[in-house]
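Structure first, then comments.
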Amino acid sequence: MSHYKMHLLVCGGTGCRASESEKITENLNAEIKKLGLENEAQVVVTGCFGFCEKGPIVKIVPDNTFYTQVKPEDCAEIVSEHVLKGRKVSRLLYEDPETQKHVEDSKHMGFYQKQIRIALRNCGFIDPENIDEYIARDGYAALGNILTEMSPQQAIDIMKKSGLRGRGGGGFPTGLKWEIASSNKADQKYVVCNADEGDPGAFMDRSILEGDPHSVIEAMAICGYCIGANKGIVYIRAEYPLAIKRLKIAARQARVYGLLGNDVLGTGFSFDIELRYGAGAFVCGEETALIKSMEGLRGEPTVKPPFPAEKGYLGKPTNVNNVETYANVPAIFLKGPEWFASIGTEKSKGTKVFALAGKINNVGLIEVPMGITLREVIFEIGGGIKDGKKFKAVQTGGPSGGCLTEKHLDTPIDFDNLIAAGSMMGSGGMIVMDEDDCMVSVAKFYLEFTVEESCGKCAPCRIGNKRLHEILEKICNGKGTEADIEYLKNLSKVIKDTALCGLGQTSPNPVLSTIEHFLDEYKAHVTERICPAGQCKALKLYTIIPEKCTGCTACTRACPVGAISGEKRQPHIIDVDKCIRCGACYDKCKFTAIHVQ
Amino acid sequence: MNKIKSLDDLRKMKQNLENGMNIREKSNSPESLVQIRVAMATCGIASGARAVMNTLIERIEKDKIPAVVTQGGCMGYCYAEPTVEVKVPGKDPVVFGYVDSKVAIDIIEKYVLQGELLEGIIPVNYQTINDKK
Ligand SMILES: Cc1cc2nc3c(=O)[nH]c(=O)nc-3n(C[C@H](O)[C@H](O)[C@H](O)COP(=O)(O)O)c2cc1C
Ligand code: SF4
Ligand code: SF4
Ligand code: SF4
Ligand code: FES
Numbered sequence: 010m011s012h013y014k015m016h017l018l019v020c021g022g023t024g025c026r027a028s029e030s031e032k033i034t035e036n037l038n039a040e041i042k043k044l045g046l047e048n049e050a051q052v053v054v055t056g057c058f059g060f061c062e063k064g065p066i067v068k069i070v071p072d073n074t075f076y077t078q079v080k081p082e083d084c085a086e087i088v089s090e091h092v093l094k095g096r097k098v099s100r101l102l103y104e105d106p107e108t109q110k111h112v113e114d115s116k117h118m119g120f121y122q123k124q125i126r127i128a129l130r131n132c133g134f135i136d137p138e139n140i141d142e143y144i145a146r147d148g149y150a151a152l153g154n155i156l157t158e159m160s161p162q163q164a165i166d167i168m169k170k171s172g173l174r175g176r177g178g179g180g181f182p183t184g185l186k187w188e189i190a191s192s193n194k195a196d197q198k199y200v201v202c203n204a205d206e207g208d209p210g211a212f213m214d215r216s217i218l219e220g221d222p223h224s225v226i227e228a229m230a231i232c233g234y235c236i237g238a239n240k241g242i243v244y245i246r247a248e249y250p251l252a253i254k255r256l257k258i259a260a261r262q263a264r265v266y267g268l269l270g271n272d273v274l275g276t277g278f279s280f281d282i283e284l285r286y287g288a289g290a291f292v293c294g295e296e297t298a299l300i301k302s303m304e305g306l307r308g309e310p311t312v313k314p315p316f317p318a319e320k321g322y323l324g325k326p327t328n329v330n331n332v333e334t335y336a337n338v339p340a341i342f343l344k345g346p347e348w349f350a351s352i353g354t355e356k357s358k359g360t361k362v363f364a365l366a367g368k369i370n371n372v373g374l375i376e377v378p379m380g381i382t383l384r385e386v387i388f389e390i391g392g393g394i395k396d397g398k399k400f401k402a403v404q405t406g407g408p409s410g411g412c413l414t415e416k417h418l419d420t421p422i423d424f425d426n427l428i429a430a431g432s433m434m435g436s437g438g439m440i441v442m443d444e445d446d447c448m449v450s451v452a453k454f455y456l457e458f459t460v461e462e463s464c465g466k467c468a469p470c471r472i473g474n475k476r477l478h479e480i481l482e483k484i485c486n487g488k489g490t491e492a493d494i495e496y497l498k499n500l501s502k503v504i505k506d507t508a509l510c511g512l513g514q515t516s517p518n519p520v521l522s523t524i525e526h527f528l529d530e531y532k533a534h535v536t537e538r539i540c541p542a543g544q545c546k547a548l549k550l551y552t553i554i555p556e557k558c559t560g561c562t563a564c565t566r567a568c569p570v571g572a573i574s575g576e577k578r579q580p581h582i583i584d585v586d587k588c589i590r591c592g593a594c595y596d597k598c599k600f601t602a603i604h605v606q
Numbered sequence: 005m006n007k008i009k010s011l012d013d014l015r016k017m018k019q020n021l022e023n024g025m026n027i028r029e030k031s032n033s034p035e036s037l038v039q040i041r042v043a044m045a046t047c048g049i050a051s052g053a054r055a056v057m058n059t060l061i062e063r064i065e066k067d068k069i070p071a072v073v074t075q076g077g078c079m080g081y082c083y084a085e086p087t088v089e090v091k092v093p094g095k096d097p098v099v100f101g102y103v104d105s106k107v108a109i110d111i112i113e114k115y116v117l118q119g120e121l122l123e124g125i126i127p128v129n130y131q132t133i134n135d136k137k
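See the structure below:
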């Protein structure tokens, strides 16, 4: 057996593959061969490191060197310098945004220091297409132990003790959900994995399935044993071809090893999974709509109760959990529920994966303990706001969530605190905004999304959201009134109270939350007709800087509404009430004397 | 590939496979391990550092010693190459010079495992070298 002294982990996630990581793998292998180092260094293709923005990533262990934005041409230098001579290629190392120094290894990168990886434990660590690497990390040992040594109820008790709550958005206790499905008697039951992931900007479920598909398969089998189901179905959006491919490879390997199929590990337990593809409608992520879609019907939600645990797929008891929820399960059994429950806050245990995006230096996928503060996430892991701008807000929970502001920076992030702050955990999108972002536009963006994604089954959501969107549009166009703000609030409440499913019940949240935290900004739009962030084109405030104005009169002639006045060779003035913000004067002025806000 | 027929089979399989993952596992928590760094720049390679490194790795794997071997660039002791720096958790790093396979084994068996000091320690404190840079 060869004793490798070094592994070169090349990211094979969707992000890095888009920038030629496959070619990098090829080149590294070729260079290693050229220098005769095949017995010393091994190239491994892994899942996502979460640092996709700076991809492609090549990480070298055991020295934890973290190369970013690697190009296929860089491979020769990496091998001849680092692999052969132990000299790191500095120009490829991650550069700290604050100190602008190269960081020698990933242990010293702010991005990774506060992370705890449970659901992502194998992502960027093992080759997801090689079941042996999963087994080497105790893969399927949890399933094996449970099948051989525990009753379903004992396993459910462990799940309950761990305190794990659903990561798909609602935060329902997973152990309790399994117990309910287990107690409902039926000749056939189903285990469903929700991999629809419709929240714009979220990609944790995709990364888990691409980087560690076996952990989800193992967890589904564990769930099958607990609730008494022998069939598992992964509902996955068809836009995730790589995740689908890896999931299929994983399932095939597990079958060959006898870890799926009949008589798993000689225990008499049988379980197998199949895949169903979604067309990518957001509403199909809602569990009842998802089940309808799996049955070949329109993906429309149905009234709960009955819950899927009573009457789900084909009318049979069905347990639906999210990808990330499942990914936590094997770790809970391996390390014990007490260990899991020791991480996090009183009512939210463990970690949560967030997709950190927006105006922040380190964009990426992070897994942090529940209870971490926004400040830590943004300024330590995220490396602070881009270009030294000022932090304004964070949108969490996607189209169902709301925003958190400066005053929430030190609030521990967990399910309940986010709800108390008028937002929610959702699937874990976290979009950071700076002073240049207009909060009315943000609300409008999410409403645009919901209007597009509403299934149309019930009126409050179908019509109400459309109205909300129209009013937001009106405000952004400078035609809003103060009464509109009140109207938005009232209509939002009605929609929340009367919509049939979670989509409509939460869709006004971005509106309510921005009104609550940024009322002044709404007011500025409707009374002063300015957009303080300078985003709403129709609300730009044009003024003339007297010191710069030469009185050339060019702007006066350009203005279509005669809003500019002034004597020749004297500073001119714009009449704000007459101005229609067309920008003509700005384009005409040769002396940059016109200021736009 | 064969079916795994029982939990015991799975456990055995894991034991056979885990070696292949060793250096990745170790990279997860280097600070809790004995960190051994072999100077591998041109001067080191010329004087046999590669063989020393392989000896160290094999010796560690044989007894599953909680240590991780990495290679570093030239440490500036070219006269004494190959050099090996050993950092035991909680202790100051120590640099050994003129290391060959025999000394490499001694480093593991005597210094790392028993805490005995050996001949061949370069009498310059690591920090001063760092300061000089
Ligand atoms: C509009 C809407 C969209 C949803 N989209 C998803 C989704 O993409 N993925 C997901 O896991 N859960 C989604 N959910 C939540 C599911 O209905 C369900 O609660 C979840 O899959 C349960 O799994 P968990 O308990 O593990 O979170 C969505 C809910 C609503 C109302
Ligand atoms: S709330 Fe919206 S998405 Fe949900 S059922 Fe009603 S119309 Fe469809
Ligand atoms: S075009 Fe510029 S310089 Fe000329 S009058 Fe207008 S603002 Fe003044
Ligand atoms: S923006 Fe248009 S309407 Fe307003 S002052 Fe300039 S030219 Fe006139
Ligand atoms: S896809 Fe490579 S780091 Fe995410």
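Taken in sequence, the protein lines are chains A and C. The first sequence begins at 10 in this note's numbering and counts up by one. The second sequence begins at 5 in this note's numbering and counts up by one. Virtual Cβ for every residue (Gly too), placed ideally from N, Cα, C.
Chain A residues whose Cβ lies nearer than 7 Å to that of residue i
i     : result
C:I61 : H12 and K14
C:V73 : K14
Interface residues of chain C facing residue i [CB-CB closer than 8 Å]
i      : result
A:I144 : L14, M17, K18 and L21
A:D196 : The contacting residues do not exist; A:D196 stays about 28 Å from chain C at best.
A:P161 : What A:P161 touches in chain C: nothing, since even the nearest Cβ is about 17 Å away.
A:G275 : K9 and S10
Candidates the options, of which the one nearest residue i by Cα
i      : options                           : result
A:K549 : A:I583, A:P517 and A:C558         : A:I583
A:D586 : A:K599, A:G407 and A:V570         : A:V570
A:F454 : A:G133, A:S160, A:V441 and A:P519 : A:P519
A:E462 : A:L129, A:G308, A:A259 and A:L269 : A:G308
A:A563 : A:Y551, A:E556 and A:R578         : A:R578
A:G487 : A:A468, A:M439 and A:E537         : A:E537
A:G353 : A:I144, A:L173, A:I589 and A:Q78  : A:L173
A:T552 : A:Q544, A:I573 and A:A151         : A:I573
A:G367 : A:G393, A:G233 and A:W348         : A:G393
A:N203 : A:V451, A:G95, A:A430 and A:N331  : A:N331
A:Q606 : A:R100, A:A288, A:K399 and A:H534 : A:H534
A:I258 : A:K498, A:L284, A:N131 and A:G438 : A:L284
Residue i - DSSP class collapsed to helix/strand/coil
i      : result
C:M25  : helix
A:P81  : helix
A:R96  : coil
A:M10  : Low per-residue confidence applies at A:M10: pLDDT is 46, beneath 50, and the placement is therefore not dependable, though the value from the model is reported in the following sentence. Three-state result, A:M10: coil.
A:G184 : helix
A:L550 : coil
A:E376 : strand
A:T562 : coil
A:K257 : helix
A:I387 : helix
C:V72  : strand
A:N73  : coil
A:N203 : strand
A:M229 : helix
A:K123 : coil
A:I245 : strand
Contacts that residue i makes with chain A (C-beta to C-beta distance below 8 Å)
i     : result
C:E65 : H12
Cβ-Cβ distance between residue i and residue j below 8 Å
i      : j      : result
A:H16  : A:Q51  : yes
A:C594 : A:A547 : no
A:D493 : A:I480 : yes
A:T297 : A:P314 : no
A:C607 : A:C61  : Only positions 10 to 606 of chain A appear in the structure, and residue 607 of chain A is not among them; the question remains open.
A:K325 : A:Y199 : yes
A:P378 : A:T459 : no
Cross-chain neighbours of residue i in chain C, by beta carbon under 7 Å
i      : result
A:F134 : R28
A:Y149 : L14
A:T157 : L11
A:N131 : Going along chain C, no residue has its Cβ under 7 Å from A:N131, so there is no contact; the nearest lies around 10 Å.
Within chain A, partners of residue i - CB distance below 9 Å
i      : result
C:S105 : Those within 9 Å of C:S105 in chain A number zero; the least Cβ separation is about 14 Å.
- Please list, following the chain, all residues that have a C-beta closer than 6 Å to any non-hydrogen atom of ligand 3. A:I553, A:C558, A:T559, A:G560, A:C561, A:T562, A:A563, A:C564, A:H581, A:K597, A:C598, A:F600, A:A602 and A:I603
- What residues sit near ligand 5, counting only those whose C-beta is closer than 5 Å to one of its heavy atoms, in chain order? A:C20, A:G22, A:G24, A:C25, A:C57, A:F58, A:F60, A:C61, A:G64 and A:I66
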